[in-house]
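Number of protein chains: 2
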Amino acid sequence: MGDLIGSVVDSELYYIPQPEFGRVRSLNGAREDVVALYADMARLNALYMIARAGSGHIGSSFSALDILSRLYIAEMAGDDLFFSSKGHDAPGLYAVLIGLGRLPEDKLHVLRRLNGLPGHPDVSIDGLATNTGSLGMGISKAKGMLMADQLAGRRRRIFVMTGDGELQEGQIWESLLSVPKAIAGRLTVVVDHNKFQSDFSVERTSSLGDLVAKFAAFGWHVVRADGHDPQALAKTFAELSAIDDKPKVFIADTVKGKGVSFMEGTSIDSDVEMFRYHSGAPKADEYRRAVEEIEARLSRLAAAAGAGAIAVRRTDRPAVVPMPAESVRLFPAYTEALLAAAGRHPELIALDADLSLDMGLLPFKEKYPERFVECGIAEQDMVSRAGGMALAGALPVVHSFSCFLSTRPNEQIFNNATERTRIVYVGGLSGVLPAGPGHSHQSVREISAVGGIPNLVMAEPCCPEEVGPLLDWCLAYDGPSFLRLASIPFVTAAKLPAGYVPKLGTGVTLRSGAEAAIVTSGLVGVAQALAAAELLAGAGRSVGVVHLPWLNRVDADWIAGLAAEVPALITLDNHFRAGGQGQYVLAALAAANVARMPRCLQIGLEDVPPCGRNDEVLREIGLDAAGLAARIGRFLDGAQAPR
Amino acid sequence: MGDLIGSVVDSELYYIPQPEFGRVRSLNGAREDVVALYADMARLNALYMIARAGSGHIGSSFSALDILSRLYIAEMAGDDLFFSSKGHDAPGLYAVLIGLGRLPEDKLHVLRRLNGLPGHPDVSIDGLATNTGSLGMGISKAKGMLMADQLAGRRRRIFVMTGDGELQEGQIWESLLSVPKAIAGRLTVVVDHNKFQSDFSVERTSSLGDLVAKFAAFGWHVVRADGHDPQALAKTFAELSAIDDKPKVFIADTVKGKGVSFMEGTSIDSDVEMFRYHSGAPKADEYRRAVEEIEARLSRLAAAAGAGAIAVRRTDRPAVVPMPAESVRLFPAYTEALLAAAGRHPELIALDADLSLDMGLLPFKEKYPERFVECGIAEQDMVSRAGGMALAGALPVVHSFSCFLSTRPNEQIFNNATERTRIVYVGGLSGVLPAGPGHSHQSVREISAVGGIPNLVMAEPCCPEEVGPLLDWCLAYDGPSFLRLASIPFVTAAKLPAGYVPKLGTGVTLRSGAEAAIVTSGLVGVAQALAAAELLAGAGRSVGVVHLPWLNRVDADWIAGLAAEVPALITLDNHFRAGGQGQYVLAALAAANVARMPRCLQIGLEDVPPCGRNDEVLREIGLDAAGLAARIGRFLDGAQAPR
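Taken in order, these protein sequences are the chains called A and B. Read in order, the letters of the first sequence correspond to residues 20 to 662 in my numbering. Read in order, the letters of the second sequence correspond to residues 20 to 662 in my numbering.
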């Protein structure tokens with residue numbers, strides 16, 4: 020037990036103020052001692068940020084922090100640049116940058132908040148060089164920066180941190196293959212080799228084999244060393260700094276969750292257990308125990324560095340708004356439907372890209388281990404594997420977050436479609452919520468990205484009850500399909516009519532309205548439309564809500580029929596307006612050549628979605644119930660009268 | 020000079036009939052002699068197919084043929100499967116399959132024709148296991164097939180051929196990393212290491228370094244040997260066949276264009292010269308000389324194998340419909356505009372992915388070598404490099420064929436867009452024409468694939484005169500843009516009005532019409548619309564043509580103004596209807612809430628585009644002038660009257 024704080028209590032949070040970092044940085048003791056102390060101070064602050072935000076990547080921040088500390092306070096000089104390709108370690112990096120005064124101290128309190136610090140890096144934040152969070156792009160970006168430097172006569176060095184799971188991405192190897200000679204010596208990659216990826220150990224997910232041999236075979240100068248030992252870090256960077264004719268990689272052996280014993284990857288049996296501190300915040304008692312551990316060590320490290328006591332500030336833990344009891348989730352229903360389908364279809368194979376927990380696949384994996392294929396963070400390989408399986412008579416169901424699944428293997432999905440096989444793609448984390456991880460994970464482009472693939476049908480359920488019927492529809496459809504699923508728990512008034520059966524291209528009226536119909540889809544879209552309609556009803560407006568589960572198919576007769584019923588039609592997309600469902604609906608309506616055209620309004624995202632708390636972001640982009648009701652009210656008031 | 024044909028003349032084409040292959044296969048001589056003979060017979064037929072079609076990949080077919088011959092007549096048994104991941108070698112494979120009787124002999128005459136043999140493989144053709152042509156997917160597909168086999172209790176072996184340039188694709192390394200143990204021994208990859216890719220040598224484009232070390236580091240059993248010597252082939256496959264606990268790769272040293280001295284890659288100085296026989300047909304005299312060479316060797320090989328004389332059939336060379344003299348091309352104008360822009364923008368950097376000839380970049384490369392970046396077949400790396408360059412103050416212009424550029428680095432383009440930098444993406448080979456290469460290269464999905472990326476503006480010029488203004492618009496636009504360019508020479512009546520200046524979201528009327536306006540874009544779309552309007556005028560119909568160069572932006576006032584002028588509006592996409600420009604136009608029209616809605620018709624591709632001669636394919640999909648005129652005429656006749 021340390022003496023910086025005294026008693027640590029569950030109702031409080033603790034952080035180290037910025038000036039303390041400045042004081043420590045200017046100490047005259049051995050650099051290695053200062054680096055170790057600075058890293059642990061940043062650990063406490065990263066933990067603070069994540070605990071306060073309620074989510075964030077502890078494990079990856081902690082494994083990276085000794086390296087970040089070494090780089091920022093003892094290695095980089097002048098214009099030298101660091102960025103993290105994995106980006107999941109953002110809280111750790113923020114803590115380091117705040118300590119350096121490159122970000123103001125008050126940013127400590129606004130992780131994952133609107134206009135605060137985004138869940139993954141964004142160049143709008145001082146000190147962040149590039150947008151990351153989607154994996155595998157960092158080395159390519161660094162090469163581009165160095166080539167532009169070369170043309171402009173600049174000669175800075177760039178340090179890029181990657182994850183180890185991230186090395187499963189093909190782009191990494193693409194980027195390693197070709198490093199122009201002229202810039203090679205200015206590029207250093209540090210692999211935060213913490214042995215765990217999202218769900219399980221790297222070894223178990225998709226083994227990297229002999230990493231040193233791999234990098235060496237690609238022509239890189241490779242060093243492998245301890246990524247936490249301050250002496251080893253000093254020695255390694257000194258060695259790398261002397262090499263100037265080759266690109267360099269430091270494979271840093273690290274521990275995921277380093278610095279808090281019960282969060283450390285080495286403390287679990289990686290063959291059977293999951294790493295529990297990948298992206299969630301610790302519980303209050305876990306936070307307390309972690310602070311106690313870090314604090315005890317800080318006292319020792321401060322003494323070793325001759326720093327004296329480190330000041331720690333305490334704040335009350337902000338009250339957490341509890342999840343409403345009536346929130347519903349789609350994934351339990353998905354898991355159940357998939358298991359049922361697997362029982363009926365012995366040829367069904369589930370593929371996953373390192374998101375088996377998030378995608379609800381653990382029960383499937385347990386029940387049908389021989390039909391579960393973990394591909395690692397390798398979406399292109401996964402989708403083309405599925406293509407091969409389908410050609411060989413299997414029924415592949417392919418899983419990842421929508422943001423990745425609809426974009427990374429985009430050409431592979433098209434290629435499979437040209438073979439006219441049956442493949443179901445299931446995308447989770449769809450839509451603008453949760454808004455905490457930021458734009459790399461907020462999937463608001465998948466209708467546009469894959470909706471135009473020939474014969475591919477996209478569908479999105481509005482409530483748990485609709486998940487099974489839509490999955491079954493997809494499994495029965497003779498072609499490719501994409502099931503778009505929201506991952507957040509959400510309160511919805513959606514209730515499907517008794518005996519509801521999905522019918523391609525047609526929607527279902529969930530609320531009647533005389534003045535207008537909102538056509539929308541999905542858990543969030545329908546819930547917000549119903550809530551807005553309710554608000555409008557309170558203001559004397561009669562607005563209906565139609566759920567159209569089909570994202571890229573609109574039946575001409577159905578839309579013509581709907582148009583005949585209402586004088587106005589509003590499309591609402593939990594997606595970019597451009598290329599979204601509303602565009603399919605309005606184009607189909609125009610081409611239906613109805614006798615009387617309703618007045619139309621198309622609502623959807625117009626720009627990169629902001630990061631923040633869910634309620635903040637919905638309000639910011641006008642998709643909260645009040646904002647929607649107000650906008651629709653103005654529209655109905657005739658603000659946009661016929662020309 | 021051989022004695023099979025006698026005199027070879029320029030006005031004829033020559034092929035070996037199917038029964039001759041059967042006769043050779045059943046010879047009792049040494050298998051190696053038979054393999055060599057069979058391969059050269061297939062060479063003559065592949066050359067015949069390409070000469071007859073007027074295009075096709077000679078170099079890659081010829082380098083692969085000794086291996087294909089060995090595999091099909093001496094190695095594979097039972098259900099064993101071969102496919103080519105590169106797919107460019109399709110004519111060689113077709114020739115082998117026709118020899119085996121797995122495809123009928125008359126297919127020799129219909130390469131790249133409608134309902135014939137597609138330019139790249141398609142599973143609709145007997146003997147073809149998967150659709151390839153886009154690179155890097157083959158090993159993943161084979162893994163998927165073997166895993167489905169495993170589940171179903173099948174135990175066939177799969178042989179996958181890759182190119183060497185293809186190894187620059189990240190998916191290759193993604194797929195090499197994770198081969199499940201249970202299937203490993205049944206997977207053999209053969210690298211047709213012919214040292215040349217599309218434009219230049221692999222070494223010069225993006226060196227592969229030590230390939231043996233690379234594959235070995237990824238855990239594969241590697242053998243490197245001569246890919247033409249029949250003895251070496253026999254020995255190598257025997258060695259590989261004995262390995263059953265690891266995936267296996269045979270790096271086959273081959274010669275691009277092998278078998279015709281002046282087409283062989285080794286005959287050119289790869290440091291300075293391009294390989295000239297990548298994808299075009301030989302000229303008549305080149306064909307004659309090639310036949311003479313092959314024929315001479317066939318006589319010797321037939322004697323060695325104890326085969327007696329090989330019968331060769333001669334046919335008249337089909338008359339080639341000459342390209343109309345008034346055809347125009349966009350790429351010379353693009354090259355000129357890019358050079359002019361480079362003069363004004365010292366920070367402009369052009370990036371390319373192994374298509375510098377096709378993308379009109381050779382003059383740029385010559386004039387600005389330090390600002391030309393050849394990335395190899397590595398589109399993800401290229402796009403993220405461009406992202407890094409833009410962050411570092413450069414102005415990147417990124418080139419590839421649209422089919423690849425809009426899909427392979429789809430997430431990378433989005434990621435760059437979230438950084439709000441200025442990057443110009445330039446896609447060539449856009450649209451359904453040329454139709455010879457097949458669906459992997461017919462780009463009819465890019466508006467859908469990237470049109471929804473926030474702030475990204477897509478534009479397509481209708482004539483050479485518009486290329487410069489649109490490129491300049493893109494270079495001046497403060498965000499990402501995508502310039503969609505048709506690559507084929509085409510006849511068009513398009514003439515821009517004097518003083519034309521592109522204005523975002525607004526179109527330009529190229530032909531007036533009282534009854535309807537066709538809204539379309541691009542060289543082919545506008546040309547076909549104008550031709551259809553002319554035919555309709557001949558039938559007494561007054562139909563106008565509006566060129567809207569903006570593919571994903573429609574100005575609300577402009578479309579409302581257009582709607583006020585005409586009673587009917589037809590959108591025409593050289594793209595899938597779903598997600599195409601017409602959808603943007605019709606949705607914008609619906610949301611413009613005009614006083615009088617015109618009747619609307621949306622025309623575009625509805626399914627995977629067929630492969631064939633350009634005129635055949637346009638007719639097949641209804642985009643020929645007569646088909647369009649007929650369809651529009653029926654629409655105007657009221658066949659689709661208001662409901």
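All C-beta atoms, glycine included, are put in the ideal place defined by N, C-alpha and C. Model, not experiment: these values are computed from the prediction.
- For the alpha helix (DSSP H) assignment, the uninterrupted runs of no fewer than 4 residues enclosed by the stretch 57-116 of chain A are, from N- to C-terminal side, 77-89.
- In this structure, the beta-carbon distance from residue 246 (chain B) to residue 212 (chain B) falls below 9 Å.
- Shown here, residue 461 (chain A) sits in coil according to DSSP, grouped into three states, outside any helix or strand.
- For the 9 Å CB-CB criterion, residue 478 (chain A) and residue 608 (chain A) do not form a contact.
- Following the DSSP letters along the chain, one finds residue 267 (chain A) inside the beta strand (DSSP E) bounded by residues 267-272.
- The stretch 77-84 of chain B makes contact with the stretch 269-276 of chain B, as at least three CB pairs between them are under 8 Å.
- Bounds of the beta strand (DSSP E) holding residue 420 (chain B) are 414-420.
- Taking C-beta atoms as the reference points, residue 530 (chain B) and residue 564 (chain B) count as a pair closer than 9 Å.
- Judged by pairs of C-beta atoms under 8 Å, the stretch 459-474 of chain A touches the stretch 591-605 of chain A, as three or more such pairs exist.
- With respect to chain B, the C-beta atom of residue 618 (chain A) has a partner C-beta closer than 9 Å.
- At a Cβ-Cβ threshold of 9 Å, residue 337 (chain A) and residue 138 (chain A) do not count as neighbours.
- The C-beta distance from residue 602 (chain A) to residue 603 (chain B) rounds to 7 Å, short enough to meet the 8 Å contact threshold.
- A distance below 7 Å between beta-carbons, with the five flanking residues on each side excluded, links residue 410 (chain B) to the following residues of its chain, in chain order: 438, 440.
- Close to residue 368 (chain B), with beta-carbon spacing below 8 Å, are these residues of chain A in chain order: 166, 167, 170.
- Counting only Cβ-Cβ distances below 7 Å, residue 458 (chain B) has contacts in chain A at 437, in chain order.
- With contacts defined as CB atoms closer than 9 Å, residue 463 (chain B) and residue 568 (chain B) fail to qualify as a contacting pair.
- Sixteen is the threshold: when 16 or more other Cβ atoms of the shown chains lie within 10 Å of the Cβ of residue 480 (chain B), as they do, the residue is buried.
- One Cα belongs to residue 654 (chain B), the other to residue 574 (chain A), and the distance between them is close to 19 Å.
- Nearest Cα to residue 542 (chain B) within the set B:474, B:646, B:593, B:159: B:593.
- Comparing alpha-carbon positions, the option among B:488, B:518, B:165, B:549 lying closest to residue 512 (chain B) turns out to be B:549.
- In this structure, residue 55 (chain B) places its C-beta atom within 9 Å of the C-beta atom of residue 320 (chain B).
- Here residue 579 (chain A) has 611, 613 as same chain residues with Cβ atoms under 7 Å from its own Cβ, once five neighbours each way along the sequence are excluded.
- Partner residues in the beta bridge of residue 180 (chain A), as assigned by DSSP, are A:103, A:209.
- Look at residue 534 (chain A) here: in three-state DSSP terms it is coil, with no helix or strand label.
- Non-local C-beta neighbours of residue 303 (chain A) in its own chain, meaning closer than 6 Å and more than five positions away in sequence, comprise 29, ordered along the chain.
- With respect to chain B, the C-beta atom of residue 422 (chain A) has a partner C-beta closer than 9 Å.
- Listed along chain A, the residues sitting closer than 7 Å to residue 238 (chain B) by beta-carbon distance are 228.
- When only Cα atoms are considered, residue 647 (chain B) and residue 551 (chain B) end up about 6 Å apart.
- By the Cβ rule, the stretch 217-234 of chain A counts as touching the stretch 384-404 of chain A, because three or more pairs are nearer than 8 Å.
- In the three-state reduction of the DSSP assignment, residue 486 (chain A) falls in the helix class.
- Against chain B, the CB of residue 156 (chain A) has a partner CB under 9 Å away; the residue lies at that interface.
- Per DSSP, residue 245 (chain B) is one residue of the beta strand (DSSP E) stretching across 240-245.
- For residue 649 (chain A), the closest alpha carbon among the candidates A:582, A:555, A:576 is that of A:555.
- With at least 16 other beta carbons inside 10 angstroms of its own, residue 131 (chain A) counts as buried.
- Here DSSP, grouped into helix, strand and coil, assigns residue 477 (chain A) to strand.
- Pairing residue 175 (chain A) with residue 254 (chain A), the inter-Cα distance amounts to about 21 Å.
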